[in-house]
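Engineer:
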Amino acid sequence: MNTLIFRTVAPFLTALMVLFSLFVLLRGHNEPGGGFIGGLIAVSALAIFGIANGIAAVRRALWFHPMAISAFGLFIACLAGLMSIFFAVPFMTGLWITPVILGVEIPLSSVMLFDTGVYLVVVGSITSIALALEAGDDA
Amino acid sequence: MAESPADLSAALLMTPVPTADWLVVLPPAWCILAGAVLLMLRKSLHLQAWLAVPALAILVVLDGLLLRHVLANGPVTMVMGRWLPPFGIAFTADLAGVLFALAGAVVALAGAVYALADIDGSARRYGFYPFLLLLMAGVSGAFLTGDVFNLYVWFEVLLIASFGLITLGSEPRQIDGAIKYAFLNLIATTLFLVTTGYLYGIFGTLNMADIAVKAAAGRDSLPLMTLATLYLLAFGMKAAAFPVNFWLPASYHTPRIVVAALFAGLLTKVGIYALLRTLIMLFPVEREELSFVIALAGTATMIVGALGALGNSDIRRVLGYVVISGIGVMLAGLSLGSPGGVGGAIFYALHSMVVMTALYMAAGLVGRLAGSFDLNRLGGLYGRSALFSALSLVLFFAASGLPPFSGFWPKVMVAKAALDIGAWWLVAAVFLTGFLVTIALGRVFALAYWRPAPEPLPATAIPASLLLPLAVLMALTVAFGLFPEALLSTIQAAAQGLSDPSAYIGSVFPGGT
Chain A
787 MNTLIFRTVA PFLTALMVLF SLFVLLRGHN EPGGGFIGGL IAVSALAIFG
837 IANGIAAVRR ALWFHPMAIS AFGLFIACLA GLMSIFFAVP FMTGLWITPV
887 ILGVEIPLSS VMLFDTGVYL VVVGSITSIA LALEAGDDA
Chain B
370 MAESPADLSA ALLMTPVPTA DWLVVLPPAW CILAGAVLLM LRKSLHLQAW
420 LAVPALAILV VLDGLLLRHV LANGPVTMVM GRWLPPFGIA FTADLAGVLF
470 ALAGAVVALA GAVYALADID GSARRYGFYP FLLLLMAGVS GAFLTGDVFN
520 LYVWFEVLLI ASFGLITLGS EPRQIDGAIK YAFLNLIATT LFLVTTGYLY
570 GIFGTLNMAD IAVKAAAGRD SLPLMTLATL YLLAFGMKAA AFPVNFWLPA
620 SYHTPRIVVA ALFAGLLTKV GIYALLRTLI MLFPVEREEL SFVIALAGTA
670 TMIVGALGAL GNSDIRRVLG YVVISGIGVM LAGLSLGSPG GVGGAIFYAL
720 HSMVVMTALY MAAGLVGRLA GSFDLNRLGG LYGRSALFSA LSLVLFFAAS
770 GLPPFSGFWP KVMVAKAALD IGAWWLVAAV FLTGFLVTIA LGRVFALAYW
820 RPAPEPLPAT AIPASLLLPL AVLMALTVAF GLFPEALLST IQAAAQGLSD
870 PSAYIGSVFP GGT
């Protein structure tokens with residue numbers, strides 16, 4: 787698989803797929819998509835990058851350990867649920883704010899924060915499995 | 370949402386939620402939060418323990434506050450995302466659930482302190498503390514949820530965390546134990562899931578309060594007997610009841626000793642709790658039909674456990690069988706179904722959580738002092754440390770059910786409830802088991818502690834962090850053995866709340882169903 791063409795295309799493909807995964811994540815609130823499927827797309831992007839350039843390159847590009855990314859996702863997902871304690875509504879109730887930034891109204895919600903958490907959990911955990919499997923291949 | 374024209378009050382909870390009700394979801398949420406932080410700091414080995422022990426202490430406090438809240442106000446419910454049951458997922462804490470959750474948190478805190486000295490750098494790097502916190506998230510969630518499918522999810526959470534814990538260190542022996550453990554537990558969980566799918570097909574609801582109401586209304590036309598039997602098998606396997614108990618002795622002697630201690634204290638009791646919840650609260654009439662089968666299984670579990678404890682020479686295996694014999698007593702209480710029987714089962718489960726954890730911890734100290742777990746080679750521990758020997762002897766007596774320790778009262782409750790319906794053979798089995806377990810543990814004491822050492826033991830120091838949790842757990846069993854009144858009345862109220870769930874149902878559906 788490690789041809790010149792593949793190695794040249796892989797970074798662009800990875801960038802495009804990660805961008806698309808973010809699009810799927812944000813689209814997920816009202817239309818098909820969401821954190822889980824978006825996370826899986828991001829993981830396939832990283833897997834392609836890993837096949838082309840080796841797992842060391844992926845680890846360098848991620849900067850954080852995949853397990854730490856996953857743990858951070860779990861943390862913010864849980865925090866998104868706990869935020870409603872300040873509004874006298876039950877755990878995990880959706881809360882909304884719509885700040886106006888540069889004249890555009892941007893709806894933000896605790897649901898989106900939760901979904902981002904799911905995205906990071908999926909990215910982190912599946913990436914660490916994928917990297918471990920690819921590393922096992924070399925040995 | 371306020372300007373929406375539709376009437377939302379039929380689907381959503383519109384009244385403000387008192388902050389105290391948050392205690393229902395905080396135990397699992399707190400564990401997940403703390404577990405996530407520990408996972409992020411996986412590389413900071415020194416921080417791990419110093420974060421995990423306070424986090425578990427806070428969990429104990431949260432469960433304690435929840436117990437106080439439930440004692441004062443009856444069962445408390447919180448619905449997720451303000452969606453009303455039966456469609457929204459509800460967390461409902463009643464006395465039985467909170468008592469189990471609190472005992473579990475105490476055991477986990479003791480385990481975390483014990484692990485300060487017992488878990489070395491490599492196992493910490495592998496993630497002992499994050500796994501422990503996630504295990505506690507699963508355990509607390511299972512005890513506090515009011516939704517059958519949600520119960521399944523928490524079972525999965527604690528199962529995955531336990532897979533991580535049992536393989537800490539990745540020795541071949543551990544992998545062997547882990548495979549047996551994982552395979553049989555996955556079968557039980559799958560059976561649980563299949564049964565829950567069937568239950569959803571029958572009732573169209575997963576909320577426990579709703580199921581209790583609908584089961585009572587449609588008892589004549591619904592196949593509830595099948596559901597009850599399937600749950601009995603699935604949770605019986607989790608609880609290590611005969612004849613599906615063989616996974617426990619095959620796996621509990623392989624992990625690190627503190628992991629075995631936590632498993633012995635927590636995991637089988639989650640199975641017992643689920644049995645109580647389903648068979649006593651949801652399907653009481655069907656349990657009545659099954660009571661002879663449960664009583665037979667319980668008797669066999671007691672006897673098999675006691676004989677296994679007598680027949681093994683590895684201390685950890687002996688203790689594994691003592692866990693099983695205790696499960697038999699709880700099943701005997703479950704089979705009776707009367708308030709005394711159910712109360713006895715709950716009391717015995719709480720007692721067993723504390724005592725079995727402490728016993729495994731003591732076994733860990735034996736291994737540390739004498740360098741072996743083999744009764745054929747051990748000896749001279751009494752000469753090495755009289756204090757530790759005294760602690761161990763108290764725990765041995767407590768596990769055998771001798772007065773004045775905490776194991777005595779639940780056995781009396783179960784025996785009395787059995788005598789009330791004339792099941793003398795069940796009483797005989799309970800006391801025969803107590804006798805056999807006394808002999809088995811007496812044998813451990815005579816051989817490992819009293820017998821002079823073949824060669825003098827090396828002068829290993831006992832770290833205070835190993836002795837302290839052991840002493841605290843022992844103090845608990847002595848305290849509840851000597852002064853059982855407060856706990857007894859709480860447990861009787863808990864058993865009452867399971868047999869007559871009207872307060873539970875009222876908490877989930879304040880406006881009636």
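In the order they appear, the protein sequences are chains A and B.
If you count by the working numbering, then the first sequence holds residues 787 to 925, one letter each, in order.
If you count by the working numbering, then the second sequence holds residues 370 to 882, one letter each, in order.
Note that the Cβ used here is the ideal one computed from N, Cα and C, for glycine as well.
Computed from a predicted model, the values in this text were never measured in an experiment.
1. Quick check: the Cα distance between I823 (chain A) and F604 (chain B), rounded to an integer number of angstroms?
2. Between which two residues does the alpha helix (DSSP H) containing F861 (chain A) stretch?
3. Compare the C-alpha of I535 (chain B) against each of B:Y550, B:G749, B:W778 and name the closest.
4. Assign N576 (chain B) to one of three DSSP states: helix, strand, or coil.
5. Note down, in chain order, all residues in the stretch 402-426 of chain B with a beta-carbon under 9 Å from any beta-carbon belonging to chain A.
6. Starting from L705 (chain B), find everything on chain A with Cβ-Cβ shorter than 9 Å and list it in chain order.
7. Which residues bound the beta strand (DSSP E) around A459 (chain B)?
8. Apart from the five residues on each side of it in sequence, which residues of its chain come closer than 6 Å, Cβ to Cβ, to P852 (chain A)?
9. At the 8 Å Cβ level, is G450 (chain B) part of the contact set with chain A, yes or no?
10. Tell me whether I693 (chain B) sits in a helix, a strand or coil according to DSSP, three-state version.
11. Select from B:G507, B:K607, B:L842, B:G510 the residue whose C-alpha is nearest the C-alpha of T726 (chain B).
12. State whether the stretch 803-820 of chain B contacts the stretch 769-789 of chain B, with contact taken as three or more CB pairs (one from each stretch) at a distance under 8 Å.
13. Which residues, taken in chain order from the stretch 858-885 of chain A, show a beta carbon closer than 9 Å to some beta carbon of chain B?
14. Less than 8 Å separating the beta-carbons of A675 (chain B) and A787 (chain B)?
15. What residues are listed by DSSP as bridge partners for T514 (chain B)?
16. Just the chain B side, please: which residues come within less than 7 Å of M853 (chain A) by C-beta, in chain order?
17. Using DSSP with H/G/I as helix, E/B as strand and the rest coil, what is L410 (chain B)?
18. Taking the alpha carbon of M383 (chain B) as the point to measure from, which residue in A:L906, A:F873, A:A828 has its own alpha carbon closest?
19. Taking its Cβ as the centre, do 16 or more other Cβ atoms sit within 10 Å of M415 (chain B), making it buried, or is it exposed?
20. Let me confirm a value: A815 (chain B) is counted as buried when at least 16 other C-beta atoms fall within 10 Å, else exposed. Which label applies?
21. Does any CB atom of chain A fall closer than 8 Å to the CB of P541 (chain B)?
22. Residues of chain C with a CB under 9 Å from the CB of P396 (chain B): which are they?
23. In chain order, what residues of the same chain lie with their CB nearer than 8 Å to the CB of A380 (chain B), ignoring the 5 residues before and after it?
24. Could you give the DSSP three-state label for D376 (chain B): helix, strand or coil?
25. Are I696 (chain B) and A465 (chain B) close, meaning C-beta to C-beta below 8 Å?
26. Can you name, in chain order, every residue of its own chain whose Cβ lies under 8 Å from the Cβ of V467 (chain B), other than the five neighbours on each side?
27. State yes or no: is the beta carbon of A925 (chain A) nearer than 8 Å to at least one beta carbon in chain B?
28. Check whether the Cβ of I684 (chain B) sits closer than 7 Å to any heavy atom of the ligand ADP, and report yes or no.
Structural biologist: By the coordinates alone:
1. Translated into the one-based positions of the first sequence, residue 823 (chain A) becomes position 37. Translated into the one-based positions of the second sequence, residue 604 (chain B) becomes position 235. Going from the Cα of I823 (chain A) to the Cα of F604 (chain B) covers about 33 Å.
2. The residue you call residue 861 (chain A) lines up with position 75 of the first sequence. Element bounds for F861 (chain A): 852-868.
3. Numbered from 1 along the second sequence, position 166 holds the residue referred to as residue 535 (chain B). When C-alpha distances from I535 (chain B) are compared across B:Y550, B:G749, B:W778, the shortest belongs to B:Y550.
4. The sequence position of residue 576 (chain B) within the second sequence is 207, counting from 1. In this structure, N576 (chain B) counts as strand in the three-state DSSP scheme.
5. Look at the stretch 402-426 of chain B: the residues with a C-beta under 9 Å from a C-beta of chain A are L402, G404, A405, V406, L407, L408, M409, L410, R411, K412.
6. Taking the second sequence and counting its residues from 1, the one referred to as residue 705 (chain B) is at position 336. Using a Cβ-Cβ cut-off of 9 Å, L705 (chain B) is close to nothing in chain A; its nearest Cβ partner there is about 37 Å away.
7. The residue given as residue 459 (chain B) occupies position 90 in the second sequence. Its beta strand (DSSP E) spans residues 459-462.
8. In the first sequence, residue 852 (chain A) corresponds to position 66, counting from 1. Short of 6 Å from the beta carbon of P852 (chain A), and not among the five residues preceding or following it, lie these beta carbons of its own chain, in chain order: G910, T913, S914.
9. Translated into positions along the second sequence, residue 450 (chain B) becomes position 81. At least one chain A Cβ lies under 8 Å of G450 (chain B).
10. By one-based count along the second sequence, residue 693 (chain B) stands at place 324. Correct three-state label for I693 (chain B): helix.
11. On the second sequence, residue 726 (chain B) is found 357 positions in, with the first residue counted as 1. Answer by Cα proximity: B:L842.
12. Segments in contact, yes.
13. Hits within the stretch, in order: F858, G859, L860, F861, I862, A863, C864, L865, G867, L868, S870, I871, F873, A874, V875, P876, F877, M878, T879, G880, W882.
14. Working through the second sequence from its first residue, we reach residue 675 (chain B) at position 306. Working through the second sequence from its first residue, we reach residue 787 (chain B) at position 418. A675 (chain B) places its beta carbon 8 Å or farther from that of A787 (chain B).
15. As a first step, residue 514 (chain B) is located in the second sequence; it is residue number 145 there, counting from the start. T514 (chain B) pairs with B:F460.
16. Position 67 of the first sequence, counting from 1, holds the residue named residue 853 (chain A). Residues of chain B with a Cβ closer than 7 Å to the Cβ of M853 (chain A) are, in chain order, L408, R411.
17. As a working note, residue 410 (chain B) is residue 41 in the second sequence. Three-state DSSP puts L410 (chain B) in coil, outside helix and strand.
18. Reading the second sequence from its first residue, position 14 is the one you call residue 383 (chain B). For M383 (chain B), the nearest C-alpha among the options comes from A:F873.
19. By 1-based counting over the second sequence, the position of residue 415 (chain B) is 46. What sits at residue 415 (chain B) in the sequence shown is His, not Met. Exposed, by the Cβ-count rule.
20. The residue given as residue 815 (chain B) occupies position 446 in the second sequence. Counting Cβ neighbours within 10 Å, A815 (chain B) comes out exposed, since fewer than 16 surround it.
21. For this step, residue 541 (chain B) is matched to residue 172 along the second sequence. No, its Cβ sits nowhere closer than 8 Å to a Cβ of chain A.
22. This model lacks chain C altogether, as its protein chains are A and B.
23. Here residue 380 (chain B) corresponds to residue number 11 of the second sequence, with the count starting at 1. Correct list, in chain order: W452, L453, F456.
24. Translated into positions along the second sequence, residue 376 (chain B) becomes position 7. Annotated three-state conformation of D376 (chain B) is coil, per DSSP.
25. Here residue 696 (chain B) refers to the residue found at position 327 when the second sequence is read from its first residue. Here residue 465 (chain B) refers to the residue found at position 96 when the second sequence is read from its first residue. No, these two residues do not count as a Cβ contact at 8 Å.
26. Counted from its first residue, the second sequence places residue 467 (chain B) at position 98. Listed in chain order, the non-local C-beta contacts of V467 (chain B) below 8 Å within the same chain comprise D432, L435, L436, V439, F512, L513, local neighbours out to five positions each way being set aside.
27. In the first sequence, the residue the question calls residue 925 (chain A) occupies position 139. The predicted position of A925 (chain A) is uncertain, since its pLDDT is 42 and thus under 50; no value can be drawn from it.
28. Among the components of this structure there are no ligands whatsoever, and the ligand ADP is therefore not found.
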